[in-house]
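Residue numbers (the working numbering), protein chains in the order written: chain A, 31 to 460; chain B, 736 to 1017.
Don't be surprised by glycine CBs; every beta carbon is placed ideally from N, CA and C.
Step one of this worksheet: look at the structure below.
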Amino acid sequence: MTTAISVKDLGKKYRIGAAQTKFKYGMLREVLVDAAMTPVRIYKALTGKGARGTTNTASFWALKDVTFDVEEGKVLGIIGRNGAGKSTLLKILSRVTEPTLGTVSVRGRVGSLLEVGTGFHPELTGRENIFMNGAILGMKNAEIESKFDEIVDFSEVSQFIDTPVKRYSSGMYLRLAFAVAAHLEPEILVVDEVLAVGDAEFQRKCLGKMGDVAQQGRTVLFVSHNMSAIMRLTQEAIVLNKGQLIMRAPTQEAVDFYLSSGQAQAGERLWDGEDVPASSAPFRPISLKVKNRSGKVIDTVRSIEPVTVEFEYQLDASITGLRVGFYLSTMRGEFVLTSFDTDAPELFEKFDSRKSGRYVSRAEIPADIFNEGRYSLGVNASSFGVRRYFMDENALAFNVDISGAPGMQWGEPRVGPVRPRLSWKIEKIG
Amino acid sequence: MTELIKHEPTTIYIKPPKGFAALNLRDLWIYRELVFFMIWRDIKVRYKQTMLGALWAIIQPVLTMLVFNFLFTRGVIKVQSDGIPYPIFSYTGLLPWGLFVAALNSASRSLTSNHNMITKIYFPRLILPIASVLGGLVDFVIAFIVLIGMMVYFKVSPAWNVLWTLPLFLILAIVTALGVSLWLAAINVQYRDVNYALPFLTQFWLFITPVIYSSAGFSEKMQLAYSLNPMAGVVNGFRWALLGSGNGPDTSLWVSVTISFLILFGGLFYFRNMEKTFADTI
C-alpha cells in the first residue's frame, strides 16, 4: 500500500490580533486614539513589525504536533468538537493556508468540498457556472465537457441549466454546486460537513456518491458531527481535541471514545469561559447534569427509574422568545427526541421573555424510555426563527442500564432506541 | 465514464513558508485555463443589467476626450499637442491610460472581492489580479475601434511598423498595470486603505503622465525625470506608434521599460511572499 497523505508534526498558530477586536464597540474615543496612533502603525507595518510581529498579540495553536498517515484508498473520519482543529487541518491539506510547523506530503490532486459552490457567480447561468466552478476546482475544460451531462443529471436542474443561478432556489443552487464538486474525481477527497444541508433525499445521494468515490480506491477524509454518517462511511477515525490528535482507532472505538471523553465529568458537563463562543452572548451555559431520583449526578442511568436533566445557565441580558431545551440521540447519531422548557403553554406564557439572571431548566424523563446502551444529550438555546444562541449537539453522554426492563427474560438485545413499557393485553377470543 | 486524464499522481509537499517564496510559475501554467475562465467570467458579468452594455467601454474615453477637447478649444488649458488635432491626440493618450486605471481598480480589489474563493480552495492567487488586468483588454479593443474611426476622419495614417510597435507598447502598458496591481492587491488584503488611496493615486498619476498634454517641449532633464514614470513611456510610445509624434524609442523609453519590469518583478515577489497569509488575514 502506498501512502496518500503523510502528516508530520503539523502545527498551525493563529494570532488573535488586536485588529479583530478593533472598534468592537464603535466608540469615538477609540477611533480618535487609533487615528492618532497611525504614524506608529505605519512605521511598524513598514519595518515588518506590528500585525506580523509577535508583540502584544495573543496567539493560539489551532493544531499542534499532529502526525498521521493515510493509505491510498482509505476513508478516514475526523471527529472533534468545534474548534478542535478539524477545519484547520483540512485547510492545510487542501493548501488554502500554510502550516506554521511540520510537513505534509500529499500524493495526487486534493479535491475539497470545504465549501461547495465557491466561485459561483449569480449572474452566470447554471451551465456557465459548471464550467467556471470546474475550472476553479482544478478541472480541465475537456474534463468538464466530458462530464457535463453527468453533472447536470446528478444535480437535477437540467430544466434550468440556462437560467442565471441567482434565480435558483437555495436547494437547486446547492445541488448544482455539489454535483460539480462530486464529479471532480481527485485522488484525495476532503469533505467537511457538506451533508448538513440539502433535503434528506439529496443527502442520501451525496453519501452514496461519497461511497462510490471510496469504492474507486480514492482516499477520502471525512469531517462530520454526524456520528452515524461517520460510522457508515469510514472504517477508521482520528479524534482531535484542542488541536491535538488524541486517538486513532477503528471508527466504532473512536466514536465511543469521543462521545464519552471531552465531557468534564461523568454525568455532568461544565462550561467554563473559554468553551463558550462569544457569539452566544448574552446566553452563557454553566452546567448540564443528569441526576437520578435522589438528586445524585449519575453516569449510568437505570432505565426503570425516571431521570432528571438539569441545565443551568446565565443570561447577561434579558432575552425575548428564549427557549432552552435538549436533544436526545443515540451515539449513532439518530435522534430520539427533542424537548424545550417552554413547550407547555403555561410555561411559554410565563417564561417566553426572561430577565437577566441565573436560571435552571429541569426536565424529568419518565422511567421505561431508554433501551440499553449509550445516549448523547445535546443542548440548544434559541429564539425560534430569530437566533440560535448556543448549541452543543454532544454536550454529554451517559449509559443506560436496563436491569428490570421489560422483556429481560430473553437475553437478546432489542433493536430501536427506546424500550418503553407498553401495556399489553392478551385475550383469548376463541 | 471516460478517463481523459490519466496521470501518475504527483506528490505535493506542504511546508511552512520560509523566506521569500519562489515564484512557482509552474503552478500558474497548470491553472492557465482558470485565467481564461476568470477573464471570461469578468467580461460576461461586467455589463450585466446595464442598459448601454459594452457601449460604456466607448462612452467613458470619448466623453473624457470631449471634455478635455472643450477645455482645450476654449483655451482653458493651454498645452502642446505636437501639431496633432487635439481630439485624436488626447484620445490616443486616454486609451492606454484607461486600460491602466481600469486594471488598477479591478485588480486591487480582485483578492478581497473573491475572498470566499481564497479562504476555501487552493489555486495560484496570482490568477486573480492577472485575470483582472487582462480582462480590461476587451474594453480597450472596443475603445480602439473609435480611434480607428477618428484616424480616418482626421486623415492620420500610422507608419507600417505600427503592426509591431503598438503591440509592444500595449505589452508595456500591461506589464506596468500588472506590476502596480500586484502591489496594490497584496497590500489591500491587509490594509484596506488601498481602496481609499487609489482614486487619489490615479488622479495624481494622470497629472504626471502626458495624457492630455505633450511632454515634447520639456527639457532633456525633465524628459528623463518623466520617464521614471513608466506610463509616460507607454503613452508617448502609443502616440509615436499611431501618430508618428515625438522621437520614438530613445533612452527615456528604456528607462521606462526597466522601471516597469522592476515594478513587475518586485510586485511578483511581494505578492508571492504575502500570498501564504492571504487566507488567514483577508
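Asked, Found
"Anything in chain B within Cβ reach of Ser348 of chain A, meaning under 7 Å, just list it in chain order.", "Those within 7 Å of Ser348 of chain A in chain B number zero; the least Cβ separation is about 36 Å."
"Rounded C-beta distance between Phe341 of chain A and Phe356 of chain A? I'm assuming under 8 Å.", "7 Å"
"For chain A, is any of its Cβ atoms less than 9 Å away from the one on Lys750 of chain B?", "yes"
"Which value, in whole angstroms, describes the spacing of the CA atoms of Ala894 of chain B and Leu977 of chain B?", "7 Å"
"What does Glu768 of chain B touch in chain A if you count any residue whose Cβ is under 8 Å from its own?", "Ala165, Lys170, Asn171"
"Would you call the region 396-413 of chain A and the region 361-371 of chain A in contact, with 3 or more CB pairs under 8 Å?", "yes"
"Does the Cβ of Gly480 of chain A have 16 or more other Cβ atoms within 10 Å, making it buried, or fewer, making it exposed?", "Nothing about residue 480 of chain A can be reported from this structure: the residues present for chain A run from 31 to 460 only."
"So, helix, strand or coil for Ser841 of chain B, using DSSP?", "helix"
"I'd like the span of the beta strand (DSSP E) that includes Gly430 of chain A, first residue to last.", "One detail in the question is off: residue 430 of chain A reads as Val in this sequence, not Gly. Here the beta strand (DSSP E) through Val430 of chain A covers 417-431."
"Who are the Cβ neighbours of Ser124 of chain A in its own chain at under 8 Å, not counting the five residues just before and after it?", "Val140, Ser142, Leu144, Val220"
"Apart from the five residues on each side of it in sequence, which residues of its chain come closer than 7 Å, Cβ to Cβ, to Leu769 of chain B?", "Phe858, Ile862"
"Could you tell me the alpha carbon to alpha carbon distance between Leu452 of chain A and Phe190 of chain A, rounded to whole angstroms?", "52 Å"
"Starting from Ile856 of chain B, find everything on chain A with Cβ-Cβ shorter than 9 Å and list it in chain order.", "Ser124, Arg125, Val126, Ser142, Leu144, Glu145, Thr148, Gly149, Ile166, Leu167, Gly168"
"By the three-class DSSP mapping on this structure, what secondary structure does Ala226 of chain A have?", "Residue placement at Ala226 of chain A cannot be trusted, given a pLDDT of 47 that sits under 50; the coordinates are not used to answer."
"If we require 4 or more residues per run, which alpha helix (DSSP H) segments fall completely within the region 960-1008 of chain B?", "965-978"
"Could you give the uninterrupted runs of the alpha helix (DSSP H) lying entirely in the region 897-947 of chain B, keeping only those of 4 residues or more?", "897-925, 928-942"
"Going by the beta-carbon positions, is the gap between Ala932 of chain B and Leu846 of chain B smaller than 9 Å?", "no"
"To the nearest angstrom, how far is it from the Cα of Thr350 of chain A to the Cα of Lys321 of chain A?", "29 Å"
"Mind listing the chain A neighbours of Lys956 of chain B? Cutoff is C-beta to C-beta under 7 Å, in chain order.", "Going along chain A, no residue has its Cβ under 7 Å from Lys956 of chain B, so there is no contact; the nearest lies around 31 Å."
"Looking only at C-alpha atoms, which of A:Leu154, A:Val243, A:Val269, A:Pro194 sits nearest to Val253 of chain A?", "A:Val269"
"Taking the alpha-carbon positions, what's the Leu185 of chain A to Gln265 of chain A distance?", "Just to set this straight, residue 185 of chain A is Ser in the shown sequence, not Leu. Roughly 28 Å separates the two Cα atoms."
"At the level of alpha carbons, what is the spacing between Gln344 of chain A and Asp286 of chain A?", "31 Å"
"Taking CB distances under 9 Å as the criterion, tell me whether Thr911 of chain B reaches chain A.", "no"
"Run through DSSP, which three-state label would Gln344 of chain A get?", "strand"
"One question on the structure: do Thr900 of chain B and Gly972 of chain B come within less than 9 Å of each other, judged by their Cβ atoms?", "yes"
"Tell me which same chain residues have a C-beta within less than 7 Å of the C-beta of Met169 of chain A, skipping the five on either side of it?", "Leu214"
"Please state whether the Cβ-Cβ distance between Leu275 of chain A and Val96 of chain A is less than 9 Å.", "yes"
"Considering only the alpha carbon of each residue, which of B:Gln958, B:Leu830, B:Met786, B:Glu955 lies closest to Asp874 of chain B?", "B:Leu830"
"Out of curiosity, what's the CA-to-CA distance linking Val227 of chain A and Tyr826 of chain B?", "Low per-residue confidence applies at Val227 of chain A: pLDDT is 47, beneath 50, and the placement is therefore not dependable, though the value from the model is reported in the following sentence. Answer to the nearest angstrom: the Cα atoms are 54 Å apart."
"Taking Cβ positions, are Ser916 of chain B and Leu839 of chain B nearer each other than 9 Å?", "yes"
"Using only the alpha-carbon positions, how far apart do Met504 of chain A and Val182 of chain A sit?", "As shown, chain A starts at 31 and ends at 460. That puts residue 504 of chain A outside it, with no answer to give."
"Answer yes or no: does any C-beta atom of chain A fall closer than 9 Å to that of Met852 of chain B?", "yes"
"Between which residues of its own chain and Ala832 of chain B is the CB-CB distance below 8 Å, once the five residues before and five after are set aside?", "Rather than Ala, the amino acid found at residue 832 of chain B in this sequence is Trp. Here the set comprises Leu941, Thr944, Val946, Met966, Val970."
"Quick check on Phe772 of chain B - is its C-beta less than 9 Å from some C-beta in chain A?", "yes"
"Put Arg767 of chain B into one of helix, strand or coil per three-state DSSP.", "helix"
"Apart from the five residues just before and just after Glu402 of chain A, which ones in its own chain have a Cβ nearer than 7 Å to its Cβ?", "Val430, Ile432, Pro443"
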